[in-house]
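So the sequence shown is numbered by the working numbering: it starts at 109 and just counts up by one.
Cβ atoms here follow ideal geometry from the backbone N, Cα and C, with glycine treated the same way.
Quantities reported herein were computed from a predicted structural model and do not represent experimental measurements.
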Amino acid sequence: MLEYLFSSKARIKLLTRFLSDPEAKLYTRQLERELGEPVNAVRRELERFEALGLLQSFKEGNLKYYTVNREFSIYPELRGIILKAQGMPGLVQPGPSALASPPGHLKSEPTRAREMVVGETD
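Structure (structure tokens):
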């Protein structure tokens, strides 16, 4: 399921928008303008999130509004990931991992072994 959620910029922006403000009631064109993503990409991701159960929708006049479903099975975990990622720019980004080891971080020198005893000894 997570591969399905985090594979595009539009998904990440939508997740961030809805999970950062769970009270938000937003419609497609509003999200398109706010996020700077093409309307078709926004619409496609909204439909996927609704089919998954993460978002709920309702009609008001001629607009279809979306809200986050707080009863979604992994809502607390997803929200936690998004909130943590907001405090660490670049953590939730599509593409190669930004968390790779810096050059020279891994050493080929042997390390000293440390012994640790757990429990009682005689």
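At the level of alpha carbons, what is the spacing between Lys-133 and Glu-179? Going from the Cα of Lys-133 to the Cα of Glu-179 covers about 16 Å.
DSSP-derived helix/strand/coil call for Phe-180: In the structure shown, Phe-180 sits in coil (DSSP, three-state: anything other than H, G, I, E or B).
Boundaries of the alpha helix (DSSP H) in which Lys-117 is found, first to last residue: For Lys-117, the enclosing alpha helix (DSSP H) begins and ends at 117-128.
Strand pairing of Lys-167, partner residues [DSSP]: According to DSSP, Lys-167 bridges with Lys-172.
Would you mind stating whether Lys-92 and Glu-140 have Cβ atoms separated by less than 8 Å? Past the boundaries of the shown model lies residue 92; the chain is included only from 109 to 230, so the question cannot be answered.
Collapsed DSSP secondary structure at Leu-162 in the structure displayed: If DSSP states are grouped into helix, strand and coil, Leu-162 belongs with coil.
Roughly how many angstroms separate the alpha carbons of Ser-181 and Leu-162, rounded to a whole number? Their Cα atoms are separated by approximately 8 Å.
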